[in-house]
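Have a look at the structure below, then the notes.
Protein chains: 2
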Amino acid sequence: MYTKNLKEFFHPESIAIIGASEDLTSISGKPMKNLMRSNFKGKIYPVNPRYDEIEGLKCYDSILDVPGKVDLVLIAVSASRLLAIMNECIEKDVRNILLFSSGFAEIGESGKKIQDEVAKIALENNVRIIGPNSVGCLNVKEGIPMGFATSLESTNGFKSGNIGLVSQSGALGFSVFGMAQERDLGFSYVVNTGNEMGITTLDTMEFMLEDEDTKVIGAYIEGVPNGRQLIDIAKRARELKKPLIILKSGNSVIGREAALSHTASLAGSKETFQVIAKQYGIITVKDIDEMIDVLQILSRGKLAGGIKLAAISNSGAAGIAMADFSEEFGLILEPLQGESKVKIEATIPSYGSALNPIDITAQALKEQHILTDTVETLAKDNNTDIIIIQTTFGGILGEEICRKIVEIDKREKKPIIVTVTGTEELTGKGRKVLHQNGVPVYKTTYDTMLAVKHLADLSVFYNKKSNLSRQSSIPSHLVKAEYKTRIWTEDKSKELLNQLNINVPKNTVVRSVGEIERYVENLKFPLAAKIISEDILHKTDAGGVKLGIQNIEGAKQAFNEIIEASKNYKSDARIQGVLLEEMLNDSGVEMFIGIKNDPQFGSFIVCGLGGIFIEVLKDISVRHIPIDKEGANSMIEELKGHPMLLGTRGQERSDIEAFADTLVKISDFVHQQNGTLKEMDINPIVVLSEGEGIVALDGLLVWDVLESAYLVSN
Amino acid sequence: MYTKNLKEFFHPESIAIIGASEDLTSISGKPMKNLMRSNFKGKIYPVNPRYDEIEGLKCYDSILDVPGKVDLVLIAVSASRLLAIMNECIEKDVRNILLFSSGFAEIGESGKKIQDEVAKIALENNVRIIGPNSVGCLNVKEGIPMGFATSLESTNGFKSGNIGLVSQSGALGFSVFGMAQERDLGFSYVVNTGNEMGITTLDTMEFMLEDEDTKVIGAYIEGVPNGRQLIDIAKRARELKKPLIILKSGNSVIGREAALSHTASLAGSKETFQVIAKQYGIITVKDIDEMIDVLQILSRGKLAGGIKLAAISNSGAAGIAMADFSEEFGLILEPLQGESKVKIEATIPSYGSALNPIDITAQALKEQHILTDTVETLAKDNNTDIIIIQTTFGGILGEEICRKIVEIDKREKKPIIVTVTGTEELTGKGRKVLHQNGVPVYKTTYDTMLAVKHLADLSVFYNKKSNLSRQSSIPSHLVKAEYKTRIWTEDKSKELLNQLNINVPKNTVVRSVGEIERYVENLKFPLAAKIISEDILHKTDAGGVKLGIQNIEGAKQAFNEIIEASKNYKSDARIQGVLLEEMLNDSGVEMFIGIKNDPQFGSFIVCGLGGIFIEVLKDISVRHIPIDKEGANSMIEELKGHPMLLGTRGQERSDIEAFADTLVKISDFVHQQNGTLKEMDINPIVVLSEGEGIVALDGLLVWDVLESAYLVSN
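Chains as they are written, first to last, in our numbering: chain A, 108 to 821; chain B, 108 to 821.
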């Protein structure tokens, strides 16, 4: 796609500013002022028929009057004038437009109409547009400010580095950028996409992913513009080991309404996004503070071998807090072992503690080798994945100790994370030393431990072998075919399950009383009888189910009663027949498997236990499709009702293995349908005792009628 | 208690420093330096036989040589010399000692021995001791630093105000103090209690509660020294409407171990503490940041009428975030109504939004009346309890707008809380203006909303009518008596329940087969039969239960079988007989009620549903005793299984009212026993359909044998 390569957009050699103003404090004046102050090496062309020149630069009446090529056009005119200007830009063969103007989709229908029109013209003419409603973009690497965001006016200069940041909201994005720069975090690009008429947050992330200077990507997103694109980005990010951190808002009902009236984007449901994020290794954060904290720890570029921490502190209280948060965040803080313990005991004062957390005592301020020796011992300790240092040391000695930590951090591969608690007056300089050298440092134990949790989770995610490219479990005799029906009733659904090697009771469909005797020959009583009708999906409500049928006479009677009841229930129902099926002898745990489709992300597989677990506790697991066996097992394990399967209350352990296999089979099958399967419901599916497998007792599929899908061949 | 009044301790007119050093950078030199630099108006007496004078002050060989009264003694000598010095202090009639020395309980048995000995002498001689292992205390009101904590060396002076802070940990306490002072929060006292040989965090809180200058109390606690004292403090704090904010650590297993080796205190279980805090209105925070954030909002002294927020922002993203966090924190953010909406619509630009969150747009920076008019409209809006303002406005105009917010905040009674997001360079001055004028301001929406949640929760807690002084529900014919048995088996327990008007099935105890015919005369078959033995508490395991007995013959057979099974189960069991009891006809929801005792806090009442709810989901509610009807209802409502009682899955609604009454009766009864009842178990107790009441099907009480209790009179 033409949009993919934003390189030219962010590295222009000539920039025209349409609607440039000589009032350099206005929205249309600031971009020029910022460019000039940044010593932009390319050409700047102000365009405004009202001026002959601005700040010594010739001002053109129209973009068409500009001599030579224009790489990027900044536009700050009102929405109503935009169409005319667009046409001139196209005539001038402009490829990149950054649109500051507001008055589009965010103000309602009339604005939306102009927005759509401009977007259409841009698409037809291969023009990349960022905005409208953007406050600007910043190429930090080369120091090119393109916009009027207040942060672009900073007189401190910008620190370049490996973080790419993109935000739908300008205020939020540039707040993150500004506050992160205060901590000396370096950036490659900062992009505010605004209404996303053309280029979206996701397009920008795609560009940053392939940019070699960008190693970590942060994004603020209100609504996900394209679910499948996000998943592809996450997969690619995993390949490249470039962490993605997303702050997603619009999670509440009111928040979503506010989002609609803001950048006119539809926020997806929180749960769906969280499922996707967890499954594909996207780090999600709750606010800008946490975003900056995570950018900081990941920008250092050190991953952890695992989740085992060694914690050093000079305050007992901080040690306790680190232990508390380790437990809360699922990290491991185990007592030191063997040689490391002996060495550290010999290093620290006798009234310290070589337990983990390690208490190096206040003595370490004066005798600084206590801390450095301890850290070096831990750096060599095979049982330690991450080293956390907490101090309240201030003053010159505190600053010195921070310098020593920097030296060790440069030498050692293990992540070293620091907490320096205290006022700016006492401890600010020490923190600054760490910031300037890229060592992650936080003011409080909670912030430190939360950042460490994200680092550890991501490291574990990277270390896990991905099975997503494994062979599908779908039998090869399932071949592609045309199909006509929208709804697959129980009989047809069970035929499919059978083909997928998912166990169903032996059954037959009879169309008249006369057929019963011949058809049930191979079935063992007692039987169940159920109405088969595309128009009757709630069979029990319709009186369309009879259980415990003991003989042929009973079957005939059941047939008649079911047909009659069904006709009473819905007189115009098209009835295909009655399913007669063997009843299950064994007891087990009743569960369900379902497929739900999300317009953004595609198919999700859902499972859970029946009864109160679903009805009262809403206890379900959800994953995006496809899943592998590990994913299936994790779905089962996260159910609150999981202990029921393990055999609580004197029951035997259930065949969890078989249920997990079934989840994978369903997932693989649905995945092959490319979204043509809208819904699926296997409910109940009985999980028998270990080794006995599962039995699906009911099934229903709903297809998207007009498309093709994989069908059972015979 | 003598400890209660710490006024003299913190307002000394003469201070002796035993072990004073002329090295003013050492632990024993700093306290003197700090006192001198603070222009302490009282007398300072250095005591150290090695010097004749220090810094121009006469130095004494012994405390006994000091002329005149000594109000407070600071001690920095080693643990081994302490006993001798203590004796001299007592001879000198010293009442207050602040102990910096370490080497006590925190280093193990030998240190613990000295600590206990010193504590004993202090107690016998009415000497208040703070420490050992204290880094000091600070009387902020009068600027008297007593200690060597680094914060006490600040050259910026201290800002006095209405916050009292006490901490077991010196590093943590003075970090909170220092960082809070950076935000211009004012304090009355800061106290570090260390090992708490004498004065504890709770004693200090008691003092601060009654101090008229202290309006808000913050505390860091590792282990609660005295559970009942904490509850009394919380009750008194509620009377006085002085908020208590506690940061409690040692919540994890490893954290508790670390706590043991730290200030040698035993951290109680997190759950118990959380139950107490919630029930008695103590605000709990997770880290020092949240502590400072909450101190800031409560220090302002404005309470909220309710939990309805009006949120103003100049950034759509922040508005969405406010809405998201409102939902998450249980706050209400509803669309504006009526006149307020009309007024605000007329105030803000047309492209803004008068929804709630209200988007005042960036225009409000230049036209500042937009914000001020909006705030004033909301201040008069009856549907708004708390006003939240979020801006990213920086520079001189941003600072100006903050000044205007200060003016409105001074005029209006409603809490006004501000978020100013951005760098120090751009927005720092605006925040400073708000800080200096006591208007709560935070950098991020999350921090703001969490602080607002605490304010709202506390306001709601204060507004609730307390029923704790209401009449007990215990019938008056339950009178105090002596009792001898430790265990009350089912029969005796049910007799008590009956007296408490808690319904039990009609029953009788028979001691021989011969008694059966006569005793069951008044009972209706079918019956249940159960072994009664103090030595067999798990009756079913022992084969001691038979159900569905249809006639007298059956009862006799059951009797014999039960006696035989019980003897086989435990040959030396003392058997009191067999309980014969009518079986319940009606079905209902099986629940349980229990009493658990905590060594710190006393009795807690526990309830929950039976079956998988307790066995698989560990779904229980816990409250400290006593509870009122509202408390009982809240216990029932917080159960995950609550919908079962409301009549899910086609069942009728259960008699929740009767179950709540039963909880109150049990609570009142147990409360009257003054801790002599160790355990109680009513399990199962069947809750019938609405209007039909409850039936307790089994019961067990365990008493503390050697004390007296209230007993059934007949």
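Where a beta carbon is used, it is the ideal one built from N, C-alpha and C, also for glycine.
Round the Cβ separation of I496 (chain B) and V525 (chain B) to the nearest angstrom and send it over; I've been treating them as touching at under 8 Å. Here the question's residue 496 (chain B) lines up with position 389 in the second sequence. Here the question's residue 525 (chain B) lines up with position 418 in the second sequence. I496 (chain B) to V525 (chain B), Cβ: 5 Å. Contact.
Short CB-CB distance (under 9 Å) between V723 (chain B) and chain A: Taking the first residue of the second sequence as 1, we reach residue 723 (chain B) at position 616. So yes, V723 (chain B) belongs to the interface.
What does M787 (chain A) pair with, by DSSP beta-bridge criteria? By one-based count along the first sequence, residue 787 (chain A) stands at place 680. The partner list for M787 (chain A) (beta bridge, DSSP) reads A:I702 and A:L808.
Got a sec: is the Cβ-Cβ distance from M312 (chain A) to anything in chain B below 9 Å? For this step, residue 312 (chain A) is matched to residue 205 along the first sequence. Chain B, which has no Cβ nearer than 9 Å to the Cβ of M312 (chain A), makes this no.
Which value, in whole angstroms, describes the spacing of the CA atoms of V513 (chain A) and K487 (chain A)? Along the first sequence, read from residue 1 onward, the residue named residue 513 (chain A) stands at position 406. Along the first sequence, read from residue 1 onward, the residue named residue 487 (chain A) stands at position 380. Each residue's alpha carbon lies about 17 Å from the other.
In its own chain, which residues sit with a C-beta less than 8 Å from the C-beta of I639 (chain B), not counting the 5 before and 5 after it? Your numbering for residue 639 (chain B) matches position 532 in the second sequence. These residues qualify, in order along the chain: T596, E597, D598, V616, I682, Q683, G684, V685 and L686.
What does the Cβ neighbour count give for V449 (chain A), buried or exposed, with the cut at 16 atoms within 10 Å? Your numbering for residue 449 (chain A) matches position 342 in the first sequence. Classification of V449 (chain A): exposed, given that the 10 Å Cβ count is below 16.
Would you tell me roughly how many angstroms separate the C-alpha atoms of A384 (chain B) and T391 (chain B), rounded to the nearest one? Your numbering for residue 384 (chain B) matches position 277 in the second sequence. Your numbering for residue 391 (chain B) matches position 284 in the second sequence. C-alpha separation (whole angstroms): 7 Å.
Note down the Cα distance separating L746 (chain B) from N610 (chain B), rounded to an integer number of angstroms. Here residue 746 (chain B) refers to the residue found at position 639 when the second sequence is read from its first residue. Here residue 610 (chain B) refers to the residue found at position 503 when the second sequence is read from its first residue. Whole-angstrom Cα-Cα distance: 23 Å.
Is it the case that the Cβ atoms of N605 (chain B) and L630 (chain B) are separated by a distance below 9 Å? Here residue 605 (chain B) corresponds to residue number 498 of the second sequence, with the count starting at 1. Here residue 630 (chain B) corresponds to residue number 523 of the second sequence, with the count starting at 1. No. Outside cutoff.
Would you list the residues sitting across from P153 (chain B) in a DSSP beta bridge? Here residue 153 (chain B) refers to the residue found at position 46 of the second sequence. Answer by DSSP bridge pairing, in chain order: B:I124.
Could you tell me whether any Cβ in chain A is nearer than 9 Å to the Cβ of T841 (chain B)? Given that chain B is displayed from residue 108 to residue 821, the structure contains no residue 841 (chain B) and the question cannot be resolved.
In chain order, what residues of the same chain lie with their CB nearer than 6 Å to the CB of C509 (chain A), ignoring the 5 residues before and after it? For the purposes of this step, residue 509 (chain A) is identified with residue 402 of the first sequence, where counting begins at 1. Cβ within range, chain order: G537, V540 and L541.
With a 10 Å radius around its C-beta and 16 neighbouring C-beta atoms as the bar for buried, classify E216 (chain B) as buried or exposed. Translated into the one-based positions of the second sequence, residue 216 (chain B) becomes position 109. Answer is exposed; the Cβ neighbour count stays below 16.
Suppose you measure from the CA of G806 (chain B) to the CA of I623 (chain B); what does that come to, to the nearest Å? As a working mapping, residue 806 (chain B) is identified with position 699 in the second sequence. As a working mapping, residue 623 (chain B) is identified with position 516 in the second sequence. Answer to the nearest angstrom: the Cα atoms are 23 Å apart.
Below 7 Å CB to CB, which residues in the same chain sit around D291 (chain B) once its five sequence neighbours on both sides are set aside? To locate residue 291 (chain B), count along the second sequence from 1; it is residue 184. Take D291 (chain B), set aside five residues on each side of it, and the residues of its chain with a beta-carbon closer than 7 Å to its own are K266, H542 and Q543, in chain order.
R760 (chain B) classed as buried or exposed, judged by whether at least 16 other C-beta atoms fall within 10 angstroms: The count along the second sequence starts at 1 and reaches residue 760 (chain B) at position 653. Classification of R760 (chain B): exposed, given that the 10 Å Cβ count is below 16.
With three or more beta-carbon pairs closer than 8 Å as the criterion, would you say the segment 403 to 413 of chain B touches the segment 335 to 351 of chain A? No contact exists between the segment 403 to 413 of chain B and the segment 335 to 351 of chain A.
Are any of the Cβ atoms in chain A nearer than 9 Å to that of D394 (chain B)? The residue labelled residue 394 (chain B) in the question sits at position 287 within the second sequence. Chain A, which has a Cβ nearer than 9 Å to the Cβ of D394 (chain B), makes this yes.
Establish whether the CB of D648 (chain B) and some CB of chain A are separated by less than 9 Å. For this step, residue 648 (chain B) is matched to residue 541 along the second sequence. Chain A places no beta carbon closer than 9 Å to that of D648 (chain B), leaving this residue out of the contacts.
I'd like to check one pair, Q707 (chain A) with T468 (chain A): are the Cβ atoms closer than 9 Å? Here the question's residue 468 (chain A) lines up with position 361 in the first sequence. Here the question's residue 707 (chain A) lines up with position 600 in the first sequence. No, these two residues do not count as a Cβ contact at 9 Å.
As assigned by DSSP and simplified to three states, the class of G757 (chain B): The count along the second sequence starts at 1 and reaches residue 757 (chain B) at position 650. DSSP places G757 (chain B) in coil when its eight states are reduced to three.
In angstroms, rounded to a whole number, what distance separates the CA positions of H561 (chain B) and G293 (chain B)? For the purposes of this step, residue 561 (chain B) is taken as the residue at position 454 of the second sequence. For the purposes of this step, residue 293 (chain B) is taken as the residue at position 186 of the second sequence. Rounded to whole angstroms, H561 (chain B) to G293 (chain B) spans 20 Å at the Cα level.
For G305 (chain A) and A229 (chain A), what's the separation of their Cα atoms in angstroms? Within the first sequence, numbered from 1, the residue matching residue 305 (chain A) stands at position 198. Within the first sequence, numbered from 1, the residue matching residue 229 (chain A) stands at position 122. Between the alpha carbons of G305 (chain A) and A229 (chain A) lies a distance of about 8 Å.
Measuring straight from C-alpha to C-alpha, what distance separates G254 (chain B) and K393 (chain B)? In the second sequence, counting from the first residue as 1, residue 254 (chain B) sits at position 147. In the second sequence, counting from the first residue as 1, residue 393 (chain B) sits at position 286. Using only the alpha carbons, I get a separation of about 27 Å.
Length at least 4, wholly inside the segment 327 to 365 of chain B: the alpha helix (DSSP H) runs in chain order: Restricted to the segment 327 to 365 of chain B, the alpha helix (DSSP H) segments that are unbroken, complete and at least 4 residues in length are 334 to 347, listed in chain order.
State the Cα-Cα distance for the pair D396 (chain A) and E506 (chain A), rounded to the nearest angstrom. Counting from one through the first sequence, the residue named residue 396 (chain A) turns up at place 289. Counting from one through the first sequence, the residue named residue 506 (chain A) turns up at place 399. Roughly 24 Å between the two C-alpha positions.
Within 9 Å of any Cβ in chain E, is that where the Cβ of P138 (chain B) sits? Going by chain labels, chain E is absent from the structure shown, which instead holds the protein chains A and B.
Would you call the segment 267 to 283 of chain B and the segment 398 to 412 of chain B touching, i.e. three or more CB-CB distances under 8 Å? yes
Do E120 (chain A) and G149 (chain A) have their C-beta atoms within less than 9 Å of each other? In the first sequence, the residue the question calls residue 120 (chain A) occupies position 13. In the first sequence, the residue the question calls residue 149 (chain A) occupies position 42. It is a contact, given that the beta carbons lie within the stated cut-off.
At a Cβ threshold of 9 Å, is G285 (chain B) touching chain A? Within the second sequence, the letter at position 178 stands for residue 285 (chain B). Answer yes: the Cβ-Cβ gap between G285 (chain B) and chain A drops below 9 Å somewhere.
Count the other C-beta atoms from every protein chain shown that fall within 10 angstroms of the C-beta of A803 (chain B), then say buried if there are 16 or more, exposed otherwise. Within the second sequence, residue 803 (chain B) is the residue found at index 696, counting from 1. Burial call: buried.
Taking the straight line between their C-alpha atoms, what separation do you get for G325 (chain A) and D400 (chain A)? On the first sequence, residue 325 (chain A) is found 218 positions in, with the first residue counted as 1. On the first sequence, residue 400 (chain A) is found 293 positions in, with the first residue counted as 1. When rounded, the distance between both Cα atoms is 11 Å.
Contact between the segment 698 to 713 of chain A and the segment 691 to 707 of chain B: three or more CB pairs below 8 Å? no
So for I609 (chain A), helix, strand or coil by DSSP? If you number the first sequence from 1, residue 609 (chain A) lands on position 502. In the structure shown, I609 (chain A) sits in coil (DSSP, three-state: anything other than H, G, I, E or B).
Give me the chain A residues within the contact set of S282 (chain B), using Cβ-Cβ distance strictly less than 7 Å, ordered along the chain. Within the second sequence, numbered from 1, the residue matching residue 282 (chain B) stands at position 175. Ordered by position in chain A, the residues that pass the 7 Å Cβ test against S282 (chain B) are T499, T528 and G529.
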